[in-house]
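Quick notes on the structure that follows.
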Ligand code: AMP
Ligand code: TRP
């Protein structure tokens, strides 16, 4: 049996980068026949990670249920996958503490996400330690594969290093997880600045398309998305900005980047933008329809999270006990 684990922070509005890089992959994994029978899937709402940058407490609580509803609206089926909130299972923070004691300081200093975020926010210890908590999330469940966007690759490499180090120090305990990163569209860039990643924390509302944006907002954002000085799509002069839009297109039509480029060759930028906006509107409208049906059902959402927590806790507590025994902790 294979175990798949991934998570998203409830730290802002989920956007099409999260959908393309993570959520869509999760749904495909969940629904692929061969995987269903042999996989155990965990999709976590990683709220302890979210508080490594300042959050408004009332907003954060609401976002946790919003993200849960968006997981379900995007196609995560709680009968096939286990959805739970990270802070509801204290094993994550406890294993992170133990892993801290074998984590070299210098290795965390090299994490590019820490370098980026610590320039934008006050660099607290939690932000520094973020990748160790992520390693703990993954290792607690004997995870085989972690479906994420490109930006998380370095964190999964650290996870593997920590697992190997622990195993060689204390005996075989942790499985070494593999990152599962799509070949195409693994890193969606800002619609306003193709040099920076599409991100929940971008202050420019035109830079991201959120999963809950209205049709008018989506059309306006695509219309205003930066391109280049050209007028027609041509493989000979592919700018970063245009490649990004084609990546988004390829993800929404479920085709390869190359295939989409061939198909679009010769179209005018404005013709292409209309096609792209239509596609995004079509997919997001479906997600939003399901979201509206479930988002108000707070008690159903909480039951789903409780069921997920119980299942997760049952598995993680065994691993944590084994770890504590090996390290020599407790009575
Ligand atoms: P986060 O928003 O940082 O909680 O990310 C949640 C998931 O979405 C992770 O798997 C990320 O790798 C993925 N992700 C976030 N932003 C992007 C992006 N711009 N392009 C592709 N994947 C992304
Ligand atoms: N760090 C991830 C991100 O920001 C979120 C995350 C936390 C995660 N724990 C995880 C992803 C475990 C995969 C597995 O995108």
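Residue numbers (this note's numbering): 4 to 334.
Think of the CB as a built atom: it goes at the ideal place given N, C-alpha and C, for glycine as much as any other residue.
Computed from a predicted structure; not experimentally measured.
7 Å Cβ cutoff met for residue i and residue j
{"i": "residue 44", "j": "residue 77", "result": "no"}
{"i": "residue 194", "j": "residue 226", "result": "no"}
{"i": "residue 260", "j": "residue 271", "result": "no"}
{"i": "residue 67", "j": "residue 49", "result": "no"}
{"i": "residue 86", "j": "residue 46", "result": "yes"}
{"i": "residue 165", "j": "residue 138", "result": "yes"}
{"i": "residue 13", "j": "residue 307", "result": "no"}
{"i": "residue 200", "j": "residue 105", "result": "no"}
{"i": "residue 8", "j": "residue 146", "result": "yes"}
{"i": "residue 143", "j": "residue 99", "result": "no"}
{"i": "residue 72", "j": "residue 264", "result": "no"}
{"i": "residue 118", "j": "residue 130", "result": "no"}
{"i": "residue 103", "j": "residue 315", "result": "no"}
{"i": "residue 173", "j": "residue 329", "result": "yes"}
{"i": "residue 170", "j": "residue 176", "result": "yes"}
{"i": "residue 41", "j": "residue 4", "result": "yes"}
CA nearest to the CA of residue i, picked from the options
{"i": "residue 6", "options": "150, 236, 93 and 106", "result": "150"}
{"i": "residue 94", "options": "320, 239, 330 and 62", "result": "320"}
{"i": "residue 255", "options": "126, 286, 316 and 245", "result": "286"}
{"i": "residue 228", "options": "134, 239, 290 and 208", "result": "208"}
{"i": "residue 251", "options": "273, 303, 60 and 283", "result": "283"}
{"i": "residue 279", "options": "222, 292 and 301", "result": "222"}
{"i": "residue 249", "options": "108, 157 and 275", "result": "275"}
{"i": "residue 273", "options": "245, 157, 27 and 202", "result": "245"}
{"i": "residue 158", "options": "113, 187, 291 and 60", "result": "113"}
{"i": "residue 203", "options": "70, 28 and 29", "result": "70"}
{"i": "residue 148", "options": "29, 291, 101 and 324", "result": "29"}
{"i": "residue 154", "options": "115, 313, 289 and 65", "result": "115"}
{"i": "residue 300", "options": "59, 65 and 313", "result": "65"}
{"i": "residue 326", "options": "304, 310 and 178", "result": "178"}
{"i": "residue 90", "options": "297, 311, 213 and 205", "result": "311"}
{"i": "residue 79", "options": "324, 304, 313 and 333", "result": "304"}
{"i": "residue 196", "options": "266, 240, 247 and 187", "result": "247"}
{"i": "residue 257", "options": "128, 187 and 331", "result": "187"}
Any non-hydrogen atom of the ligand COA closer than 6 Å to residue i Cβ
{"i": "residue 48", "result": "With respect to the ligand COA, the structure offers nothing, as its ligand set consists of the ligand AMP and the ligand TRP."}
Residue i in three-state terms, based on DSSP
{"i": "residue 137", "result": "helix"}
{"i": "residue 128", "result": "helix"}
{"i": "residue 62", "result": "helix"}
{"i": "residue 238", "result": "helix"}
{"i": "residue 182", "result": "strand"}
{"i": "residue 230", "result": "coil"}
{"i": "residue 259", "result": "coil"}
{"i": "residue 299", "result": "coil"}
{"i": "residue 107", "result": "coil"}
{"i": "residue 44", "result": "strand"}
{"i": "residue 35", "result": "coil"}
{"i": "residue 56", "result": "coil"}
{"i": "residue 13", "result": "coil"}
{"i": "residue 88", "result": "strand"}
{"i": "residue 271", "result": "strand"}
{"i": "residue 206", "result": "coil"}
{"i": "residue 396", "result": "Because residue 396 is not part of the residues shown, which for the chain are 4 to 334, the question remains open."}
{"i": "residue 49", "result": "coil"}
{"i": "residue 200", "result": "strand"}
{"i": "residue 151", "result": "coil"}
For residue j and residue i, believed in contact at Cβ under 8 Å, the rounded distance
{"i": "residue 215", "j": "residue 16", "result": "7 Å"}
{"i": "residue 96", "j": "residue 63", "result": "Rounded, the Cβ-Cβ distance is 17 Å, inconsistent with contact."}
{"i": "residue 242", "j": "residue 268", "result": "The pair is not a contact, with the Cβ atoms about 15 Å apart (cut-off 8 Å)."}
{"i": "residue 152", "j": "residue 25", "result": "6 Å"}
{"i": "residue 140", "j": "residue 10", "result": "6 Å"}
is_contact[residue i, chain C] using C-beta, thresh 7 Å
{"i": "residue 244", "result": "Protein chains in the displayed structure number just one, and chain C is not present."}
Would you call the region 20 to 33 and the region 185 to 193 in contact, with 3 or more CB pairs under 8 Å? yes
Using a Cβ distance threshold of 8 Å, determine whether the region 175 to 189 contacts the region 227 to 242, with at least three qualifying pairs required. no
Quick check: the region 117 to 128 against the region 48 to 63, are there 3 or more CB pairs under 8 Å? Three or more Cβ pairs drawn from the region 117 to 128 and the region 48 to 63 lie within less than 8 Å of each other, which places the two stretches in contact.
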